[in-house]
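*Asks:*
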Amino acid sequence: MNPLREFARGGLIGLTGSIVAAAAGLVLTVVVARTLGPAGAGVFFVVVAAVTILTEVTELGADTALVRLMPRYRELGRTADLRRMAGIALAPVLVAGALAAAGMYTLAPWIAGTFAAGSPDAVVFVQIAAPFLAVAAARNVALAGARGMGDLVAYSLIGNVAMPLARPLLIMLAAALGWGSGAVMLAWSLPGGLACLLAAAVLWRLLPRRGGRTGPRTGVAGEFWAFSGPRGVAAVLEVAIVWVGVPIVSAALSTHDAGVYATAGRFITSGTLVLAATRIAIAPQISALLTRGDREEAERLNGVATGWVVAASWPLYLALAVFGPFVLTLFGEDFSGGAVPLAVLALSMLPVLAAGNVQTVLLMGGKSSWSLANKAVALAVCVVAHLVLVPGFGVVGAAVAWALTMLTDTVLAALQVRLLLGLRLGLGPGALTGLWALAWFGVLGVALRALLGTGPAAFALYLVVACAGYALVLWRYRDRLHLDVLVSARRNR
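Per the working numbering, the sequence shown starts with residue 207, numbered consecutively.
(1) By the three-class DSSP mapping on this structure, what secondary structure does residue 258 have?
(2) Does DSSP put residue 459 in a helix, a strand or coil?
(3) Where does residue 338 fall in DSSP's three states?
(4) Please go through the same chain and pick out, in chain order, the residues whose beta-carbon is closer than 7 Å to the beta-carbon of residue 652, but skip the five residues on each side of it.
(5) From the DSSP output, in three-state form, read off residue 378 for me.
(6) In the segment 518–579, which residue ranges form an unbroken alpha helix (DSSP H) of at least 4 residues, counting only runs that do not cross its ends?
(7) For residue 684, which of helix, strand or coil comes out of DSSP?
(8) Look at the alpha carbon of residue 261 and the alpha carbon of residue 354, and state the distance between them as a whole number of angstroms.
(9) Taking only three categories from DSSP, how would you classify residue 597?
(10) Please check if any C-beta of chain D sits within less than 8 Å of the C-beta of residue 256.
(11) For a quick check, are the C-beta atoms of residue 544 and residue 601 less than 8 Å apart?
(12) Taking just the CA atoms, how far does residue 427 sit from residue 699?
(13) Closer than 7 Å by C-beta to residue 567: which residues in its own chain qualify, once you throw out the five before and the five after it? Chain order, please.
(14) Please classify residue 266: does DSSP put it in a helix, a strand, or coil?
(15) Count the other C-beta atoms from every protein chain shown that fall within 10 angstroms of the C-beta of residue 530, then say buried if there are 16 or more, exposed otherwise.
(16) Return the chain-ordered list of same chain residues with a C-beta closer than 8 Å to the C-beta of residue 237, the five sequence neighbours on each side being excluded.
(17) What's the call for residue 502, buried or exposed, on a 16-neighbour Cβ count within 10 Å?
(18) Could you give the uninterrupted runs of the alpha helix (DSSP H) lying entirely in the segment 468–515, keeping only those of 4 residues or more?
(19) Please tell me whether residue 349 and residue 299 are closer than 8 Å, where the distance is taken between their beta carbons.
(20) Count the other C-beta atoms from every protein chain shown that fall within 10 angstroms of the C-beta of residue 312, then say buried if there are 16 or more, exposed otherwise.
(21) Give me the Cβ distance between residue 254 and residue 306, rounded to the nearest whole Å; I'm assuming they're in contact under 8 Å.
(22) Please give the ranges of any alpha helix (DSSP H) in the segment 383–452, keeping only runs that are unbroken, at least 4 residues long and fully inside the region.
(23) Using the three-state DSSP reduction, which class does residue 357 fall into: helix, strand or coil?
(24) Which whole-angstrom value is the C-beta distance of residue 614 and residue 587, which I expect to be below 8 Å?
(25) In angstroms with no decimal places, state the Cα-to-Cα distance between residue 212 and residue 663.
(26) From residue 569 to residue 275, what does the alpha carbon distance come to, in whole angstroms?
(27) Look up residue 696 in the DSSP assignment and say whether it is helix, strand or coil.
(28) Throw me the rounded Cβ distance for the residue 352 and residue 303 pair, which I believe falls under 8 Å.
(29) For residue 590, count neighbouring Cβ atoms within 10 angstroms of its own Cβ and tell me buried if that reaches 16, exposed if not.
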């Protein structure tokens, strides 16, 4: 199959799942904020941050290693090694998850006292979430294995549809039944455990039973852990970058401010699921293309993906930057202080998204150690910037610190891909759509806000006019952006 058409099919599947996951993530944030209030939501997201970071720790980089090496082994004809690789990946991850879960449960009072101002809800939240941590990493690794084997449907349905949708629905049910704050954390945790069982069953079905060549028995484990080791540490730093600001704001300011900051941050991270959708599809293909030395096709594929990322993501972030005051009213009046931080974060995401999948290209090129160095530098910038800016500038300072962190990480990866790997970034399609998005969603939005304010009527008019004008632009440039391939893939699906 033509790589671009295959990417379009996979990207469409990933995009569909990502849209559902993004919507579910926003609903989750609204439901939690309205159910627990700003202070309770701040505590909730502090615990979620701890679970997320520990999940990344216990994945040990095995998820990214499977995505890179499974397509590589299939390209080399070493299909008999795939089952062995799955065992090499999952066994240590399950052990690490069990140890982390036990430690988290035992240290619940310390975690609550250190990061949540001793909130009694925090102790309950941690103890409820801890048992599910035991299988969280294994779930993600099994899903990554399915993705590496080419089953993007199962990957998206389980990870981006079923689990994200179940969480806010169960939380709303618990709130309606009056079960208390502990039930909110249980409702968030339970879908993750069930998703692990489904992911393991799918991966088992996909792995070949017999046939194919094998490599040296020790070679599989050596190659796997040589890549996944640095990637595992880098992934921990990556998640820490996203979440470390929440406990710092909580400790330096208040749990209320942490809730406002976390809410604004959830908007930003939810929007990156468009980027994640293309990464889901493009990563195995980039690995296979680089394995057979087809660098030109890898560059072309990455360039098209970058154009699609900018076309889909820039309008969202520009809308958040311009109409943040209205958007935040979805959470209640207590969150109105997050408008400026939301604008700072949203605008900083524009250059990050314009770089496309540089992080993925770097990893699929086998440079997990370079990625680790980048994340270490970015985390240092993140911590120092938060500690310096938060005491004096509050939540706005935290947003600036996070923006500096994301830009540092992106610039380092882009320079390495272009100058050290020697791969062109393909920024042309993204520049084209970015300028038009800036005109329709940025300039128009600022004008309408100045004339009509940020009320619901102004926001509705803004969306109608901006989306209509931007749609005409995309249609005009559909050939240059290869949108015809995406439309064809949708029809075939």
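We put the CB at the ideal spot given by N, CA and C, even for glycine.
For clarity, every value in this text was computed on a predicted model and none was experimentally measured.
*Replies:* So, to answer that:
(1) Three-state result, residue 258: helix.
(2) Coil.
(3) Note: residue 338 maps to helix in three-state DSSP.
(4) Annotation for residue 652: 528 place their beta carbon closer than 7 Å to its own, counting only its chain and skipping 5 residues before and after.
(5) If DSSP states are grouped into helix, strand and coil, residue 378 belongs with the helices.
(6) Counting only runs of 4 or more, we get 530–533, 545–560, 564–570.
(7) Looking at residue 684 - three-state DSSP - the assignment turns out to be coil, as it is neither helix nor strand.
(8) Note on geometry: alpha-carbon atoms of residue 261 and residue 354 lie some 20 Å from one another.
(9) Of the three classes helix, strand and coil, the one that applies to residue 597 here is helix, per DSSP.
(10) Of the protein chains in the structure, only one exists, and it is not chain D.
(11) Yes, these two residues count as a Cβ contact at 8 Å.
(12) With a pLDDT of 49 at residue 699, under the threshold of 50, the predicted position of this residue should be treated as unreliable, and no value is reported.
(13) Closer than 7 Å at Cβ, skipping near neighbours: 492, 508, 623, 629.
(14) Residue 266: coil per DSSP, three-state reduction.
(15) Residue environment for residue 530: buried (at least 16 other C-beta atoms within 10 angstroms of its C-beta).
(16) Closer than 8 Å at Cβ, skipping near neighbours: 374, 377, 378, 381.
(17) Exposed: under 16 other Cβ atoms inside 10 Å.
(18) Along the segment 468–515, the alpha helix (DSSP H) occurs as fully enclosed runs of 4 or more residues at 479–497, listed in sequence order.
(19) Taking the C-beta atoms as reference points, residue 299 is found no nearer than 8 Å to residue 349.
(20) With fewer than 16 other beta carbons inside 10 angstroms of its own, residue 312 counts as exposed.
(21) At roughly 15 Å, the Cβ-Cβ gap does not stay under 8 Å, so residue 254 and residue 306 are not in contact.
(22) Contiguous alpha helix (DSSP H) elements confined to the segment 383–452 occur at 387–412, 423–449, taking only those with 4 or more residues.
(23) The DSSP-derived three-state label of residue 357 is coil.
(24) About 5 Å separates the beta carbons of residue 614 and residue 587, which is inside the 8 Å limit, making them a contact pair.
(25) Spanning the two alpha carbons is a distance of roughly 42 Å.
(26) Each residue's alpha carbon lies about 11 Å from the other.
(27) Note that residue 696 scores 49 on pLDDT, short of 50, meaning its location in the model is unreliable and no value can be drawn from it.
(28) About 18 Å; that fails the 8 Å criterion.
(29) Taking all protein chains shown into account, residue 590 has fewer than 16 neighbouring C-beta atoms within 10 Å of its C-beta and is therefore exposed.
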